[in-house]
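**Q**
There are 2 protein chains.
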Amino acid sequence: MTDEALAFPTARHDHAACIAEALDRAERLCAERGERLTTLRRQVLELVWSGHAPQGAYDLLEQLGQARGRVAPPTVYRALEFLQAQGLIHRIESLNAFIGCPIPEERHSGQFFICRLCGLAAELDVGAIDRAIDREATRLGFTIERRTVELQGLCRACREAQA
Amino acid sequence: MTDEALAFPTARHDHAACIAEALDRAERLCAERGERLTTLRRQVLELVWSGHAPQGAYDLLEQLGQARGRVAPPTVYRALEFLQAQGLIHRIESLNAFIGCPIPEERHSGQFFICRLCGLAAELDVGAIDRAIDREATRLGFTIERRTVELQGLCRACREAQA
DNA sequence: TCGGTCATGTTATAAAATAACATTTGCGCC
DNA sequence: GGCGCAAATGTTATTTTATAACATGACCGA
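Protein chains in written order, with our numbering: chain C, 1 to 163; chain R, 164 to 326.
1. Tell me which residues share the same chain as S165/C and place their Cβ nearer than 6 Å to its Cβ, disregarding the 5 neighbours each side in the sequence.
2. Contact between the stretch 319-326 of chain R and the stretch 273-290 of chain R: three or more CB pairs below 8 Å?
3. M164/R: buried (16+ other C-beta within 10 angstroms of its C-beta) or exposed?
4. Name the DSSP bridge partner or partners of C115/C?
5. If we count the other Cβ atoms within 10 Å of its Cβ and call it buried at 16 or more, is H90/C buried or exposed?
6. How many whole angstroms separate the CB atoms of Q218/R and L210/R, which I take to be in contact at a CB cut-off of 8 Å?
7. For a contact meaning CB atoms closer than 7 Å, what does Q315/R contact in chain C?
8. Measure the C-alpha to C-alpha separation of I292/R and H215/R and round it to an integer number of angstroms.
9. Is it true that the CB of D297/R sits closer than 8 Å to the CB of I266/R?
10. With a threshold of 8 Å between beta carbons, is A16/C in contact with chain R?
11. Between P236/R and L224/R, is the Cβ-Cβ spacing less than 8 Å?
12. At the level of alpha carbons, what is the spacing between A97/C and Y58/C?
13. Taking the straight line between their C-alpha atoms, what separation do you get for A189/R and L251/R?
14. Check each residue of the stretch 88-103 of chain C: if its Cβ is closer than 7 Å to any Cβ of chain R, include it; give the result in chain order.
15. If we define contact as Cβ-Cβ less than 8 Å, is A225/R a contact residue for chain C?
16. Would you verify that the beta carbon of F142/C is, or is not, closer than 8 Å to some beta carbon of chain R?
17. Counting contacts by CB-CB distance shorter than 8 Å, is R279/R in contact with chain C?
18. Could you check which residue in A248/R, V239/R, W212/R and P172/R has the C-alpha nearest to that of E198/R?
19. Using a Cβ-Cβ cut-off of 6 Å (strictly less than) and excluding sequence neighbours within five positions of A300/R, which residues of its own chain qualify?
20. In this structure, does DSSP put H271/R in helix, strand or coil?
21. If you measure from the beta carbon of R107/C to each beta carbon in chain R, is any gap under 8 Å?
22. If we call anything under 8 Å between Cβ atoms a contact, is A242/R one with R204/R?
23. Using only the alpha-carbon positions, how far apart do I92/C and R70/C sit?
24. Do L6/C and E106/C come within 8 Å of each other at the CB atom, strictly closer than that value?
25. Would you list the one or two residues that DSSP bridges to I89/C?
26. Check whether the Cβ of F113/C lies closer than 8 Å to any Cβ atom in chain R.
27. So for T75/C, helix, strand or coil by DSSP?
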């Protein structure tokens, strides 16, 4: 894993390579775990990876319809559920949307920086943030099971474009 | 503000006092700002404060119906929007629900520890967490406008009750 | 008290998610 | 290869959450 995977996506990165790598890693990871990355699940994962902006379930539904004919919500939701369970995607709570995970091999929850203008999101996984949260949890006697850390605002490119 | 306001609510705290204080501060704060805390808004705020568990809009809608007769969704959503704009309540994204803010005078986004068993939530506002996040934002060149930090798990009481 | 603004009421609909049951597919086993 | 089970997908209906658009009412200053 290079640092690149955990930074803000640039306008000119090779996104085809992102998709290819994501699918490849998903294949490998599911194989290792004895899980089935079916055609449907693969298609949904690919659609989630169509960009670095979180995608809503109904957007995916519509796009998926082009590949498969009429598709009902549960079809997409079940695939998303599977992908999430495998750590291949994350759900962005503040957007009701999903984004591909660049480091699915390690279980983690990530911290998401989401630009309200371009819609792009960067996933980080910064130990210092987790640790600061853990300290408070310990103090409270709270056992964390799931973390949601989402920051909305302006990415550098959009802020500079504004000014 | 005592530390008590920013810790896990205990089973035996004087909740009537919580409600009274919250409404009182809301009145004062709105008066200072020249905002109108109407009967409706006050009722909704009171319902949000009916406990320390985040409340869904439709739960509030139903309860509100008992006080006002039939009430339509926009009525509640608009009141919630106002209360949120004034910092009197926070929205919990991971639950689609709302919770009263114990320190509405200072603008902040808070960090929420939410127990999946008893449903209670504690709002904290820990500088170390914000700073750890800020450092990453700076590194990315990202301008944060809105923060969502929500931790789900087990509160001490529920964990101890489990074992 | 007029006129404007803000708040609320009302109706309809959009958007997001899931329940329940039917059907199909993959796969180990004989 | 075919049988039978379990997992995956299809299908229909419904629930839950949220908002758009327009009508009416309340407050407040000139």
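Just so you know, even glycine gets a beta-carbon here, dropped at the ideal spot from N, CA and C.
**A** A quick look at the data gives this:
1. Look at the range of chain C in this structure, 1 to 163, and you will see that residue 165/C is not part of it.
2. Flag = yes, the stretch 319-326 of chain R and the stretch 273-290 of chain R touch.
3. As a first step, residue 164/R must be located in the second sequence, where it is residue number 1. Note that M164/R scores a pLDDT of 43, beneath 50, so its modelled location is shaky and nothing firm can be said.
4. Here the question's residue 115/C lines up with position 115 in the first sequence. G153/C.
5. Position 90 of the first sequence, counted from the start, is the residue given in the question as residue 90/C. The residue is buried, with at least 16 neighbouring Cβ atoms inside 10 Å.
6. Position 55 of the second sequence, counting from 1, holds the residue named residue 218/R. Position 47 of the second sequence, counting from 1, holds the residue named residue 210/R. With a Cβ gap of about 7 Å, Q218/R and L210/R count as contacting.
7. Along the second sequence, read from residue 1 onward, the residue named residue 315/R stands at position 152. Listed along the chain, the chain C residues whose CB falls inside 7 Å of the CB of Q315/R are E145 and R146.
8. Numbered from its first residue, the second sequence carries residue 292/R at position 129. Numbered from its first residue, the second sequence carries residue 215/R at position 52. Near 22 Å, if we compare the C-alpha coordinates of H215/R and I292/R.
9. For the purposes of this step, residue 266/R is taken as residue 103 along the second sequence, with counting starting at 1. For the purposes of this step, residue 297/R is taken as residue 134 along the second sequence, with counting starting at 1. For I266/R and D297/R, no; Cβs fall outside 8 Å.
10. Reading the first sequence from its first residue, position 16 is the one you call residue 16/C. It does not; no Cβ of chain R falls within 8 Å.
11. Here residue 236/R refers to the residue found at position 73 when the second sequence is read from its first residue. Here residue 224/R refers to the residue found at position 61 when the second sequence is read from its first residue. Taking a C-beta distance under 8 Å as the contact criterion, P236/R and L224/R qualify as a contact pair.
12. One-based indexing of the first sequence puts residue 97/C at position 97. One-based indexing of the first sequence puts residue 58/C at position 58. Taking the straight line from one Cα to the other gives about 9 Å.
13. By 1-based counting over the second sequence, the position of residue 189/R is 26. By 1-based counting over the second sequence, the position of residue 251/R is 88. Looking at the backbone, the Cα of A189/R and that of L251/R are separated by about 7 Å.
14. Taking 7 Å as the Cβ-Cβ cut-off against chain R, the residues of the stretch 88-103 of chain C that qualify are E93 and S94.
15. Counting from one through the second sequence, the residue named residue 225/R turns up at place 62. Note that residue 225/R is Glu in the sequence shown here, rather than Ala. Answer no: the Cβ-Cβ gap between E225/R and chain C never drops below 8 Å.
16. Position 142 of the first sequence, counted from the first residue, corresponds to residue 142/C. Taking a beta-carbon distance threshold of 8 Å, F142/C counts as an interface residue toward chain R.
17. Within the second sequence, residue 279/R is the residue found at index 116, counting from 1. Closer than 8 Å to some Cβ of chain C, the Cβ of R279/R qualifies, so yes.
18. Residue 198/R sits at position 35 when you count from the first residue of the second sequence. Among A248/R, V239/R, W212/R and P172/R, the Cα nearest to that of E198/R is on A248/R.
19. Stepping through the second sequence from its first residue, residue 300/R is reached at position 137. Apart from sequence neighbours up to five positions away, the residues of its chain that approach A300/R with a beta-carbon distance below 6 Å are I307, ordered along the chain.
20. By 1-based counting over the second sequence, the position of residue 271/R is 108. H271/R: coil per DSSP, three-state reduction.
21. Taking the first residue of the first sequence as 1, we reach residue 107/C at position 107. False, the Cβ-Cβ gap to chain R never drops below 8 Å.
22. In the second sequence, residue 242/R corresponds to position 79, counting from 1. In the second sequence, residue 204/R corresponds to position 41, counting from 1. Contact flag set, yes.
23. Your numbering for residue 92/C matches position 92 in the first sequence. Your numbering for residue 70/C matches position 70 in the first sequence. Taking the straight line joining both Cα atoms gives about 26 Å.
24. To locate residue 106/C, count along the first sequence from 1; it is residue 106. To locate residue 6/C, count along the first sequence from 1; it is residue 6. Taking 8 Å as the Cβ cut-off, E106/C and L6/C do not qualify as a contacting pair.
25. Locating residue 89/C in the first sequence gives position 89, where the first residue counts as 1. Residue pairing for I89/C: DSSP places it in a beta bridge opposite G100/C.
26. Looking up residue 113/C in the first sequence gives position 113. For F113/C, at least one C-beta of chain R is nearer than 8 Å to its own C-beta.
27. Locating residue 75/C in the first sequence gives position 75, where the first residue counts as 1. Residue state, collapsed to three classes: helix.
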